[in-house]
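See structure below.
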Amino acid sequence: MVRMVQGEMAKVHETWFRQYENLYGSSVKAAITSGQAIPAEELEQLRNGQMKLRMELEKTKRKEGIDLWVTPAQGGAAPKGFEKTGWAGMTAIWSYAGLPTISIPIMKVDGMPLGFQCIGSHGNDEELLFWAKEIELAESPNEVSSAGTP
1 MVRMVQGEMA
11 KVHETWFRQY
21 ENLYGSSVKA
31 AITSGQAIPA
41 EELEQLRNGQ
51 MKLRMELEKT
61 KRKEGIDLWV
71 TPAQGGAAPK
81 GFEKTGWAGM
91 TAIWSYAGLP
101 TISIPIMKVD
111 GMPLGFQCIG
121 SHGNDEELLF
131 WAKEIELAES
141 PNEVSSAGTP
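Listed below in structure tokens is the structure:
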């Protein structure tokens with residue numbers, strides 16, 4: 001999946017990167033540079049894998065009567081600072097499948113959000129937003145310390 005993201009980044013940023021490479025952050029620059037080395041045939045295979053996964057997830061969703069997938073958004077609360085955004089393990093599969101997701105914070109731990117994500121169907125972003133609004137109206141965030149006390 002990472003190789004597909006890097007390959008797609010290299011394609012999308014091709015013109016901009018040639019002109020403004022010095023303005024890109026080091027991690028994005030490294031990803032684009034890696035993506036430039038991915039052969040077109042491999043990128044096509046990765047895209048085909050994406051479509052296969054998406055179709056399997058949608059098939060399961062229909063068969064089981066699932067309106068939307070709901071999973072943890074992260075393995076814990078959001079990290080403090082701007083050095084990293086958190087662990088992608090809980091979001092990667094959905095991103096690779098090309099499905100819309102939205103993270104809904106339900107509480108704070110030491111001032112940082114902790115929540116879950118809802119995942120909709122490809123091309124049905126508006127339906128996902130409808131569900132997110134319904135959930136937002138039903139929930140109110142809480143605050144706890146890392147010791148687990150409100």
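Numbering-wise (full-length UniProt numbering), the sequence shown opens with residue 1 and increments by one.
Idealized CB from N, CA, C, for every residue including glycine.
| query | result |
| --- | --- |
| Exposure of Met-51, with buried meaning 16 or more beta-carbon neighbours within 10 Å | exposed |
| Contact under 9 Å by Cβ, Ile-119 with Met-1 | no |
| Beta-carbon spacing of Gln-19, Thr-71 below 9 Å | no |
| Three-state secondary structure assigned by DSSP to Ile-38 | coil |
| Beta carbon of Ala-77 nearer than 9 Å to that of Thr-91 | no |
| Three-state secondary structure assigned by DSSP to Leu-114 | strand |
| Assigned secondary structure, Lys-108 (DSSP; H/G/I helix, E/B strand, else coil) | strand |
| Buried or exposed by the 16-neighbour rule on C-beta atoms within 10 Å, applied to Phe-17 | buried |
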